[in-house]
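For reference, the structure is listed below as structure tokens.
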Amino acid sequence: MYADTLWAGWRRNWIAIAAATLVLLALASTWVAISGQSYLGRAQVLVSLKVPDSGQDPTYQVEISRTLAINYVMDDLEQLVTGAAFAGLVADRLARESQLVIDAGDLAGSLQADRTHRGLDMFVYSDDRATAEKAARAAAEVITQELDSLLPAFGEIAYASVIDWDSGLDQLTLLRKAITVALAGAVGLFGSMLAVSIGIAWRDRLHLGDPDLPGGLKVLARLDGQRS
Numbered sequence: 012m013y014a015d016t017l018w019a020g021w022r023r024n025w026i027a028i029a030a031a032t033l034v035l036l037a038l039a040s041t042w043v044a045i046s047g048q049s050y051l052g053r054a055q056v057l058v059s060l061k062v063p064d065s066g067q068d069p070t071y072q073v074e075i076s077r078t079l080a081i082n083y084v085m086d087d088l089e090q091l092v093t094g095a096a097f098a099g100l101v102a103d104r105l106a107r108e109s110q111l112v113i114d115a116g117d118l119a120g121s122l123q124a125d126r127t128h129r130g131l132d133m134f135v136y137s138d139d140r141a142t143a144e145k146a147a148r149a150a151a152e153v154i155t156q157e158l159d160s161l162l163p164a165f166g167e168i169a170y171a172s173v174i175d176w177d178s179g180l181d182q183l184t185l186l187r188k189a190i191t192v193a194l195a196g197a198v199g200l201f202g203s204m205l206a207v208s209i210g211i212a213w214r215d216r217l218h219l220g221d222p223d224l225p226g227g228l229k230v231l232a233r234l235d236g237q238r239s
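The sequence shown begins at 12 in my numbering and counts up by one.
Laid out in structure tokens, this is it:
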């Protein structure tokens, strides 16, 4: 059976298969080691509306109006914090408050925000834990203290406060690196097995046969028959 032929070929070339797998695993592990750790700084901002008294505008007391208003504010903020202008304010604040010089363009590429219930989670990626935490906190403080220059109406209808910040290893990046190493090993294993299988198919195309199966090499068998 052809399965027996494949198994015999894989078993005969197990050293080459194992070597290819180990080489790719070693290369992937080396890349993971030299690429360094990635840290994630996070700061949470809570946004609240400034609701006027019912004597000024009773419509603001209707819950649906409050919900729509906060949604509009959050939509604007979510788009604003990922832009270059916001990143510039954060970079200026870092240089002024923490003596950290970070290019605004690089900061814009690492700043992310996830919308929560009436708030934003600010995320900053960095290869240094302290830098990641300080940048995330600076981004949150820009929203609470310096946003009027980018969104003048914000201070009139809402206010924001920083309620939490922290930092830690970027778990998603760690997972991606682990998957990369695992995929490299799988590629080495199955790629080398495929190469052996292709060699077996090519050998069969030349009608050579398998030396590990009964009958041995067909060409040699035919030559022995001709000599006899």
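Beta carbons: idealized from backbone N, C-alpha and C, even for Gly.
Model, not experiment: these values are computed from the prediction.
DSSP links residue 133 through a beta bridge to 54, 124. Among the bridge pairs identified by DSSP, residue 86 is matched with none. Between residue 187 and residue 132 the beta-carbon gap is near 20 Å, outside 8 Å, which marks them as no contact. Taking one beta carbon from each stretch, the region 188–199 and the region 27–36 have 3 or more pairs nearer than 8 Å; the two touch.
By the C-beta criterion, the region 142–150 is judged not to be in contact with the region 21–28, since fewer than 3 inter-stretch pairs fall below 8 Å.
Taking a C-beta distance under 7 Å as the contact criterion, residue 106 and residue 112 qualify as a contact pair.
Taking the C-beta atoms as reference points, residue 100 is found no nearer than 7 Å to residue 56. By the Cβ-count criterion, residue 211 is buried, with 16 or more other Cβ atoms from all chains shown falling within 10 Å of its own Cβ. Of 82, 137, 160, 128, the smallest CA-CA separation from residue 96 is found for 160. Closest in C-alpha terms to residue 136, from the list 150, 127, 90, comes 150.
Between residue 142 and residue 116, the alpha-carbon positions lie close to 16 Å from each other. In this structure, the straight-line span from the alpha carbon of residue 83 to that of residue 177 is close to 28 Å. If you draw a straight line from the Cα of residue 201 to the Cα of residue 45, it comes to about 26 Å. DSSP places residue 111 outside both helix and strand once states are collapsed to three, so it counts as coil.
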